[in-house]
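Below is one structure; the comments refer to it alone.
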Amino acid sequence: MDTSFIIPAHNEEATLATLVEQICEAVRQEPEMHSFDIFLVDDGSTDRTWSVIDELALRHHGVVRGIRLRRNFGKAAALSAGFRESRGKLVFTMDADLQDDPKEIPRFVARIKEGFDLVSGWKRVRHDPRTKTLPSRFFNRVTSTITGIRLHDFNCGFKCYRREVIDHIVLYGELHRFIPVLAHDLGFRVTELAVEHHPRTHGRSHYGWERYARGALDLITVVAITRWLNKPGHLFGGLGILLGLLGFGVLLYLSILWLLGLGPIGSRPLLMFGVLVSVMSVQLVSLGVIAEFFIKLNQPRDHAIFVAERTVPPLPAKSPDATP
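Those letters in the sequence shown? Residues 11 to 334, by the numbering used here.
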């Protein structure tokens with residue numbers, strides 16, 4: 011099978027040559043990998059990363075290919091650039107810092123042969139400081155609970171995909187860490203594989219605490235697009251109905267007090283609250299209806315991507331002008 015490796019790199023000049031050699035050696039141990047290529051994506055590095063990539067492309071002609079982004083756009087953009095250029099039936103993604111071990115490649119291929127479409131690495135024993143591991147464990151636990159996908163490590167960069175997976179997933183922002191969630195939403199089979207994780211020996215991590223704040227916002231985005239992308243009326247309408255019931259209950263309570271003569275209600279803050287949530291309820295329900303109009307007016311999702319295989323070729327579509 012043809013295989014492509016996508017490796018984003020940001021200021022990783024010291025590790026790229028070693029990583030390429032390790033990948034080449036690992037692929038030689040897998041007899042079914044007839045051909046492979048390695049895409050090194052320079053994500054706006056400020057050191058000699060691009061020069062090293064250029065040298066490696068000359069040294070490994072036809073195997074190593076370089077892609078240079080105009081500036082640092084982030085990992086999702088770097089992966090997207092590599093995905094567009096690659097042609098392999100199997101696609102691996104790896105980090106460039108040598109913490110992922112290419113010796114694990116045959117194990118990923120074995121899981122793909124079992125029928126899975128995406129195999130995500132799991133750094134069971136992680137050699138990173140606690141300032142990274144503890145927030146990461148919390149983030150993974152929350153993500154697994156909310157999405158219902160039982161993975162231990164969503165953000166591991168070491169993954170293997172069938173071609174169909176990356177052909178149907180659009181990455182933007184920082185959604186790369188949620189690729190298993192997006193793939194699972196499309197019906198692809200997702201699993202994980204415990205992999206060896208090495209301590210970082212060169213450079214430094216490019217992630218800080220703000221990464222987890224962005225991750226929380228991205229999690230909300232992913233949940234919204236996977237559960238309510240084609241039914242936004244259920245999301246906004248459901249919230250509107252809840253607020254409407256709350257507002258109705260508050261106003262009913264105040265009306266009963268007024269009818270029983272238990273005091274004026276015009277000066278009560280609860281009256282303003284009841285009116286406010288009632289107005290918000292109407293607005294949310296209206297927003298849901300308008301969103302449904304947009305869904306119907308625009309081209310619906312191509313449901314052919316949900317088809318895994320066929321026993322017979324699909325019938326040709328009928329022409330709208332064809333007579334019965």
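All C-beta atoms in this analysis are idealised placements derived from N, C-alpha and C, irrespective of residue type, glycine included.
Mapping the DSSP letters down to three states, classify T321 as helix, strand or coil. Looking up residue 321 in the sequence shown gives position 311. Of the three classes helix, strand and coil, the one that applies to T321 here is coil, per DSSP.
Residue environment, K169, which counts as buried when at least 16 other CB atoms sit within 10 Å | Along the sequence shown, read from residue 1 onward, the residue named residue 169 stands at position 159. Buried: at least 16 other Cβ atoms inside 10 Å.
### Task
Whole angstroms is fine: what's the gap from V129's alpha carbon to F102's?
Against the sequence shown, residue 129 aligns to sequence position 119. Against the sequence shown, residue 102 aligns to sequence position 92. Using only the alpha carbons, I get a separation of about 9 Å.
Contacts around V175, its chain only, beta-carbon distance under 7 Å, and the 5 residues preceding and following it disregarded: Locating residue 175 in the sequence shown gives position 165, where the first residue counts as 1. Cβ within range, chain order: D127, L128, A193 and F198.
If contact is defined by three or more beta carbon pairs under 8 Å, each pair taking one atom from either stretch, is the stretch 84-101 in contact with the stretch 56-71? no
From the DSSP output, which residues share a beta bridge with E202?
For the purposes of this step, residue 202 is taken as residue 192 along the sequence shown, with counting starting at 1. E202 is bridged to S130.
Excluding sequence positions up to five away, which residues of its chain have a Cβ less than 7 Å from the Cβ of M104? Locating residue 104 in the sequence shown gives position 94, where the first residue counts as 1. Excluding residues within five positions, the ones whose Cβ falls inside 7 Å are F15, I17, D110, G167 and F168.
Original post:
Thinking C-alpha only, which one of F303, N165, V292 and L185 is nearest I230?
Top reply: By 1-based counting over the sequence shown, the position of residue 230 is 220. Comparing Cα positions, the closest option is L185.
Taking the C-alpha atoms as reference points, what is the distance between V317 and F304? Along the sequence shown, read from residue 1 onward, the residue named residue 317 stands at position 307. Along the sequence shown, read from residue 1 onward, the residue named residue 304 stands at position 294. If I take the Cα positions, the gap works out to 25 Å.
- Message: Measuring CB atoms only, is the stretch 202-209 touching the stretch 130-140, in the sense that at least three cross pairs come out at less than 8 Å?
- Response: yes
### Query
So, is S265 buried or exposed, given that buried needs 16 or more other C-beta atoms within 10 angstroms?
Residue 265 sits at position 255 when you count from the first residue of the sequence shown. S265 is exposed by the Cβ-count criterion.
Pull up the CB-CB distance for P145 and Q39, whole angstroms please, since I reckon it's below 8 Å.
On the sequence shown, position 135 is the one that residue 145 refers to. On the sequence shown, position 29 is the one that residue 39 refers to. With a Cβ gap of about 36 Å, P145 and Q39 do not count as contacting.
Requested in this report: May I ask you to report which of helix, strand or coil DSSP gives P18?
Outcome: Taking the sequence shown and counting its residues from 1, the one referred to as residue 18 is at position 8. Strand, per DSSP.
Under 8 Å, do D53 and H20 count as touching if we go by C-beta distance? As a position in the sequence shown, residue 53 is number 43, starting the count at 1. As a position in the sequence shown, residue 20 is number 10, starting the count at 1. Yes, Cβ-Cβ distance for D53 and H20 is below 8 Å.
Handout entry: Nearest candidate by alpha-carbon position, reference K85, set V260, K123 and G183
Key = To locate residue 85, count along the sequence shown from 1; it is residue 75. Per the Cα distances, G183.
What three-state label does DSSP hand L280 in the structure shown?
-> The count along the sequence shown starts at 1 and reaches residue 280 at position 270. Helix.
Check whether the stretch 145-157 and the stretch 65-80 touch, using three or more Cβ-Cβ pairs below 8 Å as the test. no
Alpha carbon to alpha carbon, how far is P112 from E302?
To locate residue 112, count along the sequence shown from 1; it is residue 102. To locate residue 302, count along the sequence shown from 1; it is residue 292. Answer to the nearest angstrom: the Cα atoms are 47 Å apart.
Out of R210, D228 and T211, which has the shortest C-alpha to C-alpha gap to V191? As a first step, residue 191 is located in the sequence shown; it is residue number 181 there, counting from the start. Looking at the Cα atoms, D228 is the closest of the given residues.
- Query: Is it right to say Y263 is buried, meaning 16 or more other beta carbons lie within 10 angstroms of its own, or is it exposed?
  - Reply: The residue you call residue 263 lines up with position 253 of the sequence shown. Per the 10 Å Cβ criterion, exposed.
Sort out for me which residues DSSP pairs V101 with in a bridge. The residue you call residue 101 lines up with position 91 of the sequence shown. Partner(s): S14 and Y171.
| query | Between G298 and P242, is the Cβ-Cβ spacing less than 8 Å? | reply | Numbered from its first residue, the sequence shown carries residue 298 at position 288. Numbered from its first residue, the sequence shown carries residue 242 at position 232. Closer than 8 Å, so yes.
Q.
Is the beta carbon of G247 closer than 8 Å to that of V285?
A. For this step, residue 285 is matched to residue 275 along the sequence shown. For this step, residue 247 is matched to residue 237 along the sequence shown. Taking 8 Å as the Cβ cut-off, V285 and G247 do not qualify as a contacting pair.
Would you kindly work out how many angstroms separate the C-alpha atoms of F188 and L196, rounded to a whole number?
Locating residue 188 in the sequence shown gives position 178, where the first residue counts as 1. Locating residue 196 in the sequence shown gives position 186, where the first residue counts as 1. One C-alpha to the other measures close to 13 Å.
With C-beta atoms as the reference, is L239 less than 8 Å away from L89?
-> Counting from 1 along the sequence shown, the entry for residue 239 is found at position 229. Counting from 1 along the sequence shown, the entry for residue 89 is found at position 79. No, the pair does not count as a contact, with Cβ atoms beyond the cut-off.
Discussion item. Please identify the residue among I275, T25 and S291 whose C-alpha is closest to the C-alpha of I251.
Written reply: Mapped onto the sequence shown, residue 251 falls at position 241. When each option's Cα is compared against that of I251, the closest is S291.
Review point. Per DSSP, L50 is paired with what?
Key: Counting from 1 along the sequence shown, the entry for residue 50 is found at position 40. I17 and G76, per the DSSP bridge assignment.
* **Simplified DSSP state of S45, which is helix, strand or coil** => The sequence position of residue 45 within the sequence shown is 35, counting from 1. In this structure, S45 counts as strand in the three-state DSSP scheme.
Buried or exposed: which applies to L269, given that a residue is buried once 16 or more other Cβ atoms fall within 10 Å of its Cβ? By 1-based counting over the sequence shown, the position of residue 269 is 259. L269 comes out exposed.
* Mind checking I300: buried by the 16 CB within 10 Å criterion, or exposed? -> Taking the first residue of the sequence shown as 1, we reach residue 300 at position 290. Exposed, since its Cβ has fewer than 16 Cβ neighbours within 10 Å.
ask   = Given that a residue counts as buried once 16 or more other Cβ atoms are within 10 Å of its Cβ, and exposed if not, what is L50?
value = As a position in the sequence shown, residue 50 is number 40, starting the count at 1. Its Cβ being crowded by 16 or more others within 10 Å, L50 is buried.
Report task. Check each candidate in K123, A87, V233 and A106 and name the one with the smallest Cα separation from E22. Result -> Residue 22 sits at position 12 when you count from the first residue of the sequence shown. Measuring from the Cα of E22, the nearest candidate turns out to be A106.
At what residues does the alpha helix (DSSP H) containing N82 begin and finish? Locating residue 82 in the sequence shown gives position 72, where the first residue counts as 1. That residue, N82, is in no alpha helix (DSSP H); it is neither H nor E in DSSP.
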